[in-house]
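For the protein sequence lines, the chains are E and Y, in the order given. Going by the numbering used here, 79 is the number at position 84 of the first sequence; the sequence numbering is gapless. Quick note: to get the numbering used here, add 3 to the position in the second sequence (first position is 1). All residues carry an ideal CB built from backbone N, CA and C; glycine is no exception. Owing to the predicted nature of the structure, the values given are computational and were not obtained by experimental measurement. Encoded as structure tokens, the structure appears first; notes follow it.
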Amino acid sequence: QKEVEQNSGPLSVPEGAIASLNCTYSDRGSQSFFWYRQYSGKSPELIMFIYSNGDKEDGRFTAQLNKASQYVSLLIRDSQPSDSATYLCAVHLSGYSTLTFGKGTMLLVSP
Amino acid sequence: EAQVTQNPRYLITVTGKKLTVTCSQNMNHEYMSWYRQDPGLGLRQIYYSMNVEVTDKGDVPEGYKVSRKEKRNFPLILESPSPNQTSLYFCASRPTGTGPYRQYFGPGTRLTVT
């Protein structure tokens, strides 16, 4: 059973703070990892993907991957109220085309 | 513009009245998929297709049918909708292969079955 676990939240942070979103996965064969942002009632939009151990930075976003611990995280620096959304972690297992999604973490950024 | 389109965007129907939600992508992707999203349950996969005429069940296929006669289209069919199929539905597509390929989502279809 392939599982992707996220804390449902809400995670509340003040504007300008760093938001840290976490995701664990059960299958060691997982190869690629994706973070999607979803506003209420809208479709998920890709923020970042990562497939190598370590950090990957893109603007205010940093994805971190630790395959030994089966852990992937997303850091959002200088959080803005417009970052308030649900963040979905998705995992791609090698040999499969299907992405397995976590249930998402709701982030609330207060002004 | 690369996109996945769905129609209709909103639909209210009655129990038992057959309906079809269309999905089309213009990126020549082999893989297409349908999800439903319900509060607290996240995205759950209904069916997916690896290519034309190749479809397979996802996690929650009961009550749904799909077909893949053309590469660009992947309609979702509810032969006899029931109230428990009231949900937000997303179609998605991506290339197949082992790379970290982005999955594109359609805008969603909000279905209400009374």
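Buried/exposed call for residue i, threshold 16 Cβ in 10 Å
i, result
"residue 68 of chain E", "buried"
"residue 13 of chain E", "exposed"
"residue 50 of chain Y", "buried"
"residue 93 of chain E", "buried"
"residue 71 of chain Y", "buried"
"residue 100 of chain E", "buried"
"residue 84 of chain Y", "buried"
"residue 44 of chain Y", "exposed"
"residue 111 of chain Y", "buried"
"residue 36 of chain E", "exposed"
"residue 95 of chain E", "buried"
"residue 97 of chain E", "buried"
DSSP three-state assignment for residue i, whether helix, strand or coil
i, result
"residue 41 of chain Y", "strand"
"residue 76 of chain E", "helix"
"residue 1 of chain E", "coil"
"residue 54 of chain Y", "strand"
"residue 29 of chain Y", "coil"
"residue 86 of chain Y", "helix"
"residue 75 of chain Y", "coil"
"residue 40 of chain E", "strand"
"residue 60 of chain Y", "strand"
"residue 47 of chain Y", "strand"
Range covered by the beta strand (DSSP E) that runs through residue i
i, result
"residue 51 of chain E", "49 to 53"
"residue 80 of chain Y", "79 to 81"
"residue 13 of chain E", "Careful: residue 13 of chain E lies outside any beta strand (DSSP E) and carries neither H nor E."
"residue 58 of chain E", "56 to 61"
"residue 9 of chain Y", "7 to 10"
"residue 66 of chain E", "66 to 71"
"residue 7 of chain E", "6 to 9"
"residue 33 of chain E", "25 to 33"
"residue 116 of chain Y", "112 to 116"
"residue 104 of chain E", "100 to 105"
Original post:
Below 8 Å, can you find three or more Cβ-Cβ pairs linking the stretch 68 to 82 of chain E to the stretch 66 to 86 of chain Y?
Top reply: Short answer: they don't touch.
Original post:
Using a beta-carbon distance cut-off of less than 9 Å, what residues from the stretch 36 to 56 of chain Y approach chain E?
Top reply: Those would be 36, 38, 40, 43, 44, 45, 46, 47, 48, 51, 53, in chain order.
Original post:
Can at least three beta-carbon pairs, one atom from the stretch 5 to 24 of chain Y and one from the stretch 43 to 61 of chain E, be found at a separation below 8 Å?
Top reply: Proximity of the stretch 5 to 24 of chain Y to the stretch 43 to 61 of chain E falls short of the contact definition, fewer than three beta-carbon pairs being nearer than 8 Å.
Subject >> Within 7 Å of chain E by C-beta, residues of the stretch 98 to 115 of chain Y in sequence order >> reply: Within the stretch 98 to 115 of chain Y, the residues whose Cβ lies closer than 7 Å to some Cβ of chain E are 99, 101, 103, 105, 106, 108, 109, 110, 111, listed in chain order.
Subject >> Residues of the stretch 65 to 93 of chain Y whose Cβ lies closer than 9 Å to any Cβ of chain E, in chain order >> reply: Contact annotation: in the stretch 65 to 93 of chain Y, residues whose CB is within less than 9 Å of a CB in chain E are 91, 93.
**OP:** Could you please tell me which residues of the stretch 35 to 65 of chain E, in chain order, have their CB closer than 9 Å to any CB of chain Y?
**Re:** Considering only beta carbons, the part of the stretch 35 to 65 of chain E lying closer than 9 Å to chain Y consists of 36, 37, 38, 39, 40, 41, 44, 45, 46, in chain order.
Original post:
Per the contact definition of three or more C-beta pairs closer than 8 Å, is the stretch 53 to 64 of chain Y in contact with the stretch 12 to 22 of chain Y?
Top reply: These segments do not touch.
Original post:
What are the residues of the stretch -1 to 32 of chain E that lie near chain Y, defined by any Cβ-Cβ distance shorter than 7 Å?
Top reply: Result list: 26, 27.
Original post:
Are the stretch 53 to 67 of chain E and the stretch 16 to 33 of chain E touching, with three or more C-beta to C-beta distances below 8 Å?
Top reply: These segments touch.
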